[in-house]
Every structure is written in C-alpha cells, then in structure tokens.
Amino acid sequence: MARKRVTPVTAFDPALLRNAVSDAVRKLDLRRQFENPVMFSVEIGGILTTLAFLYEIFTSTGDSVLFTGMVSAWLWLTVIFSNFAESLAEGRGKARAASLRRSRTAMTAKKLESPQFSSPFKSVASTDLKNGDLVLVRTGDLVPSDGEVIAGAALINEAAITGESAPVVRESGGDRSAVTGGTTVIANEIIIRITAEPGKTFLDCMIQMIEGAKRRKTPNEQALEILLFALTGVFLLVVATIWPVSAYSAAASGSGSPVHLVVLVALFVCLAPTTIAALLPAIGIAGMDRLFQRNIVAMSGRAIEAAGDVNILLLDKTGTITLGNRQAAAFLPVDGVAEADLAIAAYCASYDDETPEGRSVVTLACASGCPMSCPPEKAVFIPFSAQTRMSGMDIEGVSYRKGATDAITREVAAAGKPIPPDLTPKVTRIAQTGGTPLVVSRDHTILGVVHLKDILKSGVRERFFDLRRMGIRTVMITGDNRLTAAAIAAEAGVDDFLAEAKPDDKLRLIKTYQDEGYMVAMTGDGTNDAPALAQADVAVAMNNGTQPAREAANIIDLDSDPTKLIDIVEIGKQILMTRGALTTFSIANDVAKYFAIIPAAFLAIYPQLAVLNLMGLATPETAILSAVIFNALIIPLLIPLALRGVQFRPMPAARLFTYNLVIFGLGGIVAPFLGIKAIDLLISAVMPL
115 MARKRVTPVT AFDPALLRNA VSDAVRKLDL RRQFENPVMF SVEIGGILTT
165 LAFLYEIFTS TGDSVLFTGM VSAWLWLTVI FSNFAESLAE GRGKARAASL
215 RRSRTAMTAK KLESPQFSSP FKSVASTDLK NGDLVLVRTG DLVPSDGEVI
265 AGAALINEAA ITGESAPVVR ESGGDRSAVT GGTTVIANEI IIRITAEPGK
315 TFLDCMIQMI EGAKRRKTPN EQALEILLFA LTGVFLLVVA TIWPVSAYSA
365 AASGSGSPVH LVVLVALFVC LAPTTIAALL PAIGIAGMDR LFQRNIVAMS
415 GRAIEAAGDV NILLLDKTGT ITLGNRQAAA FLPVDGVAEA DLAIAAYCAS
465 YDDETPEGRS VVTLACASGC PMSCPPEKAV FIPFSAQTRM SGMDIEGVSY
515 RKGATDAITR EVAAAGKPIP PDLTPKVTRI AQTGGTPLVV SRDHTILGVV
565 HLKDILKSGV RERFFDLRRM GIRTVMITGD NRLTAAAIAA EAGVDDFLAE
615 AKPDDKLRLI KTYQDEGYMV AMTGDGTNDA PALAQADVAV AMNNGTQPAR
665 EAANIIDLDS DPTKLIDIVE IGKQILMTRG ALTTFSIAND VAKYFAIIPA
715 AFLAIYPQLA VLNLMGLATP ETAILSAVIF NALIIPLLIP LALRGVQFRP
765 MPAARLFTYN LVIFGLGGIV APFLGIKAID LLISAVMPL
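All residue numbers for the sequence shown refer to the working numbering, where the first residue is 115 and numbers rise by one.
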C-alpha cells in the first residue's frame, strides 16, 4: 500500500495567505507581541498615535488630523506586516504538519505474547502500544509504531516517511533493523519490539519539529535579539530627550513649537531596526522548512545554525559513503579458463545464497549474458557457515563452491588439485584496491575470482569536492584495515580517513577536533555511531539506520543520502547570511530616514536643517509620512527573501563579507532614498498635508 509524498506547500498559497493575515491580526495581542521588543515598541507607538488621532477628532483642536491618522494607520500596518511575515513562515510548517497528520491512519496492531511467529496475538490499537511491546507485522500491514526488528526480514515501503517509492529491506540482527511507524510491509513478515511511547514516535517528532511556532531560538538569534533590544533602548532614550530639548529651543528662540508626539513616535519607529526585527522570526522558521522540503528533519534550530559553521565532517563509510553491502563487480578467470565458464560456476555456487553479496554474484552472472537456468530438482545446496567459509551447490555429481581464498585453496589442495600460479596475484590486486576476493571452484578445480567491492553512493565524490570548496574537511571513518580504507578514501575523494576505528576511536577523534576549536559534523547510521553522533556539534543520522543512531542525532535525513549534508550546510549558512544581510540592510536604510525625518522634525526650530533635505521632500509632513510608509512597506517586500534565504556562494569569508556589505549595505542606503522620494511625490500629488 504505497502512500503519496506529502503535498508541497507553496509560499504564497491563497489559503496560506488568508490564514497568515488572520493570524497576523490575532498576534496584535500585546502579551504575544512582548516577545519581540522592537515590534512591541512600535505597537505602543501605534496606540499612542491612535489616541492622539482620536483626541484631535473629538476636540477639533488639531490642524493635522489627517497626518496623525495616516501615521497611526501605517504604524499599525508595520506591526501587522511583521506578524504576517512570521505567520506565513509558521503557516508553511503547520500546513506540512497537517498533511502528515492526515497521512497517519488509525491502525490495529497484532500484539504478541512471546517473540515467536507461532505465538498467539491479540489485536490492539496502535495508540495503546508501549515501549517493549512485541508486534507481528505481515505483508500488507502498516508498521504500527517505531520499533526494532527482532525476528525475520521484510521488504518495506517507506514512502509515507521518505516520499520515495523504492522499498527497502529491514531485518533483525544488523544495522538495518529500525522501522518507522506508518510505513508498509510489502513482503514477508517480521516481529518488532516497540521502542517509542504513545505520542512520541518519530512521526510525532517530525510533526513537532516542522511546526516552526514551537521551535527554540538559537544562540545566534538570541544574540541578535539582544542587540536589537539594546538599539531600541538607545533610540528610545534619544527620542525621549528630544521633546524637552525642542521645547527649550523653541522657547529660547521665540519661534516654532516643541516636536509633536506623533513626530517623535514616527522618528523612533523609523530609527529603530524594525526591518530585521520584523523578519528575524521568519528567517529561522523558513530555514527549518527548507530542510523539510529536502526530506531532512532538524530536531532543533541550533543544529541547523551550527551546520553553517561546520569545518570538519566525519562520515561513517558503510551505509553512508558506500551502499552498505559489497557487490560483485567483476569475474577474473585464471589462465586457461573462459570468463563464461567462471560466471556459470559462480552462478551455481551462489544460486541459494540469500546474502546481498550472493545475490549480487547471481545478478552479475546474469548480466554477463551467459545462459542460465534453474538447477535440477536433485541439486544439493551447501549453505554458507562460519566454519567452512564457503557456500555452493552439488549438481549430478559436479560440485560448485565459492568462498574465502584460504578456504577454497585448502579444499582444492586436500583433493590433490594444483593451485593456479596467477591466483595469488589476482587476489592480492583485489585486496590492494579495497575489494574482497571470492574464489570459485568446480570439482575442486579453481576457475577464478569474483571481485566484491564497496559501491560508492551516487554523487558522493562530486559532493565532497563541493564541501572542500566550502572549506569543509571530510574524514571517512571505517572499521576496515588501512589498505582497504585508503582505497575507498581515494575513490570517494575524502580528505582523510580513520581505519580500524572502534566507537571510542570515533568519539576520541571528535573531541580532539573540538578541543582544537573546530565545529564537527558527524554522519552515521549504525548503533556503533551513536556515541560519536551524541558528541558531534551537528549529528546527521540516516533514516534507514538503527534506533540508537537516530535518537543520538539532532538532524535526520529521511532519504538516507549522505550527500544531503551539503544541503544542510548550505541552509545553515543561508540562515546566518540572511540574518546578517537583512541586519546590514535594516541598519543601512536608517541613514536615508535620517535625512527625511530629522530635518522635517526640527525645521520649525532650526531652519538651517533644510540643507539636509537632500531628497527635496515637499513638506515636513509628507517627509515624515513617506518615511513611515517606506518603513512599513519594506517589510512585506523583503518577505520572499527572508523565506527563500540569501543565495549561498562558496567563497572565502572576507570576500563574502565584502559582497554582502556592497549589495545589502549600499542597497540599504540607496533604496530608501529612492523609495521615500517616490512616496513623497505620490502623497504630494493626491492629498494635501
């Protein structure tokens, strides 16, 4: 029973926009707004100017009712636009979570009394299952909850989680034993030990993590909020001192009047870093959503942000860089033997071998074009055992064997047959390239060698090159000997490797790098990777790995593709760059507002300030209102950039800093000059102020 991939949610879906607008209005509650000090201050300003507007209406004492009302309206819109940006980012995550909830089906589980397939079971609701319960799952059944296979092997469709239709094998006793609730068994049957409590399954965690509203703020975001709070306090103090100064100056000069409350509020709002304060929550939420679009679930915003600073990446070889099982790559016959004869003998010796390696030998033999047929009914199959270290088949008195070099040569020598002189060089050459040689014989005569090799996952070499361009050093970790490790490392294109590694070796290596000041990322999928994953700054677990590995990680790749780490790093860097770029823009565009607001606010008292009116704005009222309108409109105009993120370009930090300073710093200065002037011309043309 295949399931469809979660429907993509576009940023500006009409339903999403409607919900974001209504949510933006609900967030005007001051108790909720208090979490954002800058926008809280703007809303207080909106309240004060609204009261001033009502006072002028009912007392008929003000000659600037329209001006006060317009300023008040645009201050409220500034807060609403800020809330809209956050609500839009949250809405995308909530829409995805809703899709996942709808994909969950209330299901019945077959709860066993003992871990045997013949054990009686009783049907219970999946929501009643507890950690440690044993469950039987048969062909066509949904896996009722997260667990670990303790008996049997089955083909499972994980499309409900990964979105990919290709089924995967889950079996007991290895690093492919973890299963996820909501996936479907499409062949065979397994017994699962439940590893999650109700409401705490992996799917539940996914739903919680992609609901951006509940994410925890990262240290970088908290530091930036402290900076914004400090700047807001400084500007508030400055504006608070302007009124007594202006009152004194007006009295001393005998001309003009103290700066009006509405003007003071407008001055404060335009000087405060409202742009970045409005977009800051949306940037982080959108980053987590962009990860989810790539089938990656981040268990915390902190992990994504740390990914942006990673400079060391440790990768487990098996299942991460390679496919996990060695595959037959070539038939190498000894002198005097045809490759077709070797392929047929290897086929017969592997026909009943159900291991991934044995299946790959059969596949390679069939692909070689040799005529193959099912063995006769009287064929006797010889299963692989740890004692003999070989497997094979006897057909009508003819024996076919495949196994370790020493095991086959020992059997051949015992039968009095010679060992081909070119066998050892072939076996040695395979071992030196990181492969595993399997010797094949027929009637105690050696025919040649099957070359088993680790198959690299598609695209890893190119991705490692991209990581190197980003300044990230890649280190492969494996339990293989140094010779094999060196060969795989060279083929994969990693910068370094650690061979014959045990779990404590991985942990020690990570601590060493961290002590040297590096930010370390680790990817893995096995139980033996769990301690290292727990220690790493960024821990990426493959979804097809074991439960301990997934529990130790703070990021999970649902597609189990190690090359996805580059996406994680890029998105982490995107978040940091987007915050930095929009902070630069926000502070820079205050410069233009100085030339609009300050001359207008003090012109009546200090006529000399007219020289600062570089934009040639029509009147003090249109200048102030134009600055307030631009300050509000720039927020929705930048929402697409906040949601999409600044495009990451692999380049040195100094060059990247210069690039952002020129684009967003200079742009932040130029854009308000053009925008405020255009708005001033429009206001002057359509309404008298």
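Think of the CB as a built atom: it goes at the ideal place given N, C-alpha and C, for glycine as much as any other residue.
Residue range of the unbroken alpha helix (DSSP H) whose run includes residue i
| i | result |
| --- | --- |
| S798 | G781 to V800 |
| R622 | P617 to D629 |
| E605 | R596 to A606 |
| L248 | Taken as a continuous stretch (DSSP letters only), L248 belongs to no alpha helix (DSSP H), being part of the beta strand (DSSP E) at L248 to V251. |
| L478 | P470 to A481 |
| L566 | No alpha helix (DSSP H) contains L566, which is instead part of the beta strand (DSSP E) from T559 to K567. |
| K540 | L537 to Q546 |
| L612 | L612 -> not in any alpha helix (DSSP H); beta strand (DSSP E) instead, spanning D610 to L612. |
| F744 | P734 to R758 |
| F231 | Unbroken run through F231: none, as it is neither H nor E. |
Terminal residues of the beta strand (DSSP E) in which residue i lies
| i | result |
| --- | --- |
| V263 | G261 to N271 |
| L672 | It is not in any beta strand (DSSP E) - L672 carries neither H nor E in the DSSP assignment. |
| P551 | T550 to R556 |
| V159 | Position check: residue 159 holds Gly in this sequence, whereas Val was assumed. No beta strand (DSSP E) holds G159; the alpha helix (DSSP H) holding it covers P151 to T173. |
| A223 | T222 to L226 |
| I300 | T298 to A301 |
| R515 | V512 to G517 |
Cβ neighbour criterion (16 or more within 10 Å) applied to residue i
| i | result |
| --- | --- |
| I790 | buried |
| T355 | exposed |
| A604 | exposed |
| A599 | buried |
| E157 | buried |
| A116 | With a pLDDT of only 35 at A116, under the threshold of 50, the placement of this residue in the model should not be trusted, and no figure is reported. |
| P551 | buried |
| C462 | buried |
| D520 | exposed |
| G326 | A caution first: G326 carries a pLDDT of 44, below 50, which makes its placement in the model unreliable, though a value can still be read off. That one is buried. |
| P447 | buried |
| K62 | An answer regarding residue 62 cannot be provided, because it is not within the stretch 115 to 803 covered by the chain. |
| Y806 | Only positions 115 to 803 of the chain appear in this structure, which leaves residue 806 out of reach. |
| P128 | exposed |
| Y362 | exposed |
| P395 | buried |
| F445 | buried |
| R664 | buried |
Residue of the options minimising C-alpha distance to residue i
| i | options | result |
| --- | --- | --- |
| I701 | L385, Q688 and A521 | L385 |
| V185 | V377, Q407 and G530 | V377 |
| G517 | N668, I560 and V352 | I560 |
| E200 | P234, P786, F445 and A392 | A392 |
| D255 | T222, I264 and E227 | T222 |
| P662 | A134, E227, D143 and D260 | D260 |
| I533 | S555, D643 and G638 | S555 |
| L752 | G160, R145, L202 and L165 | L202 |
| R543 | A527, V564, A529 and A528 | V564 |
| P258 | T298, P281, A267 and S233 | T298 |
| L696 | Q761, Q230, L621 and R622 | Q761 |
| Q501 | I522, V135 and Q649 | I522 |
| A400 | I680, V282, Q688 and A268 | Q688 |
| T435 | T389, M507 and E576 | Residue 435 is actually Ile in this sequence, not Thr. Closest option to I435, Cα to Cα, is E576. |
| R404 | H558, E684 and T173 | E684 |
| L647 | L672, N657 and K620 | K620 |
| T637 | Q649, Q628 and E630 | Q649 |
| G266 | E227, A239, N657 and I306 | I306 |
| P312 | V251, V293 and N245 | N245 |
| D557 | A724, S240, A460 and E471 | A460 |
Residue i and residue j closer than 9 Å at C-beta
| i | j | result |
| --- | --- | --- |
| D430 | G640 | yes |
| W188 | I743 | yes |
| A666 | P645 | yes |
| T346 | P387 | yes |
| L731 | A746 | no |
| D247 | I308 | yes |
| N425 | M633 | yes |
| A756 | I397 | yes |
| M413 | I670 | yes |
| R408 | N668 | no |
| V263 | K224 | no |
| R515 | S505 | yes |
| I591 | F611 | yes |
Quick check for students: name the residue ranges of the beta strand (DSSP E) that lie wholly in the segment 395-458, counting only runs of 3 or more.
Counting only runs of 3 or more residues that sit fully inside the segment 395-458, the beta strand (DSSP E) segments are 410-412, 426-430 and 441-447, in chain order.
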